[in-house]
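Heads up: the sequence shown at position 156 corresponds to 156 in full-length UniProt numbering, and the numbers run straight through without jumps.
Ideal Cβ positions, reconstructed from N, Cα and C, are used throughout, including at glycine.
Remember, predicted model here, so these are calculated numbers, not experimental data.
Right, one structure below, let's go through it.
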Amino acid sequence: MKIAIIDDNSFLISSIKEKLSFFEEIQVKYTANNGADLLEKLDKDHNLDALLMDIEMPVLNGIETTLAVKQKYPQIKIIMLTVFDNDENIFNAIKAGADGYLLKDVNPHELFNGIVDTLNGGAAMNPSIALKTLKLLRNPVDFKDVSKEEINLTNREVEVLEQLSKGLSYKVIADNLFLSPSTVRKHIENIYSKLQVHSKLEAVQKARRNNLI
């Protein structure tokens, strides 16, 4: 089984390769750092059975890339491999033509079985993803409306979020904005609450999606 891994995080690529190294039936032909990088490599060699595709990537994200690959190489199976299991990503990935959807904390055997199942005409899915997919089918959501949700951040919260997006620590943010670290922490708690997220990465990505930063 010939596969490629597409992810902008080299550490995660290594982690996925390590999980697959237990199975001699799998050959990782190459990796790519984003969708545009992958499309270039596919032009030179599209002799692949499956792609393991991240969603949040610069230049060309996983959903846009899935759409492009499926138009040109419909025979290649695509499994989304991501940390995000929000409804909008699942819906958009499946709509774009993804053949499976797994979370990155999947164990080696589940990952291997997911690839095999998908290549045999099934669909690799974590139980939590399968449940969310069923709920989406039962209660379809118009994500165009959802993406326009009203998020009201104060000017100070936007400033803190911009600093956070640069990977700065609470202490550095506090120094830059002439605040105490505890005040910065409080602002970040408020930001998480307003954005309905649980991590810095989610906060930054949701803020960018909604043009807040």
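Determine, using beta-carbon pairs with one atom in the stretch 89-101 and one in the stretch 116-126, whether at least three such pairs fall under 8 Å.
Yes: the two stretches touch, three or more of their Cβ pairs being nearer than 8 Å.
In the structure shown, what three-state DSSP assignment does Val204 receive?
Three-state DSSP puts Val204 in a helix.
Can you check DSSP and say which residues form a bridge with Gly100?
According to DSSP, Gly100 bridges with Ile79.
For Glu18 and Ile78, what's the separation of their Cα atoms in angstroms?
Rounded to whole angstroms, Glu18 to Ile78 spans 20 Å at the Cα level.
Find the nearest neighbour of Ile94 within the set Gly62, Gly114, Leu179, Ala4, judged by alpha-carbon distance.
Nearest option by C-alpha distance: Gly62.
Using the DSSP secondary-structure output, state which residues sit across from Lys2 in a beta bridge.
Looking at the DSSP assignment, Lys2 forms a beta bridge with Gln27.
Under a three-way DSSP split, which group does Ala130 fall into?
Helix, per DSSP.
On the CB-based measure, 16 or more other CB atoms within 10 Å of its CB, does Leu164 come out buried or exposed?
Buried, since its Cβ has 16 or more Cβ neighbours within 10 Å.
Which residues does DSSP pair with Met57 in a beta bridge?
DSSP, once it has assigned bridges, lists no residue as partnering Met57.
What is the rounded straight-line gap between the Cα of Glu159 and the Cα of Leu153?
Using only the alpha carbons, I get a separation of about 10 Å.
Cutting at 6 Å between CB atoms, please list the residues of its own chain near Leu111, excluding the five before and the five after it.
Lys19.
If you follow the alpha helix (DSSP H) that His187 is part of, which residue opens it and which one closes it?
Taken as a continuous stretch (DSSP letters only), the alpha helix (DSSP H) holding His187 covers 181-195.
Are the CB atoms of Asp7 and Leu81 nearer to each other than 9 Å?
Yes, Cβ-Cβ distance for Asp7 and Leu81 is below 9 Å.
With a threshold of 6 Å on Cβ separation, who are the neighbours of Leu195 within its own chain once the five nearest residues in sequence on each side are excluded?
Here the set comprises Ala203, Lys206.
Would you kindly check if the distance between the Cβ of Asp175 and the Cβ of Lys135 is under 9 Å?
It is not a contact, given that the beta carbons lie outside the stated cut-off.
Closest to Asp49 by C-alpha separation, out of Ser15, Leu119, Tyr30, would be which residue?
The residue with the shortest Cα to Cα distance from Asp49 is Leu119.
Alpha carbon to alpha carbon, what distance is there between Lys104 and Lys44?
Cα to Cα, the separation comes out at about 28 Å.
Where Ala4 and Leu12 are concerned, what is the direct C-alpha to C-alpha distance, given to the nearest angstrom?
Those two C-alpha atoms are separated by around 13 Å.
With a threshold of 16 other CB atoms inside 10 Å of the CB of Asn92, please say whether the residue is buried or exposed.
So Asn92 ends up on the buried side.
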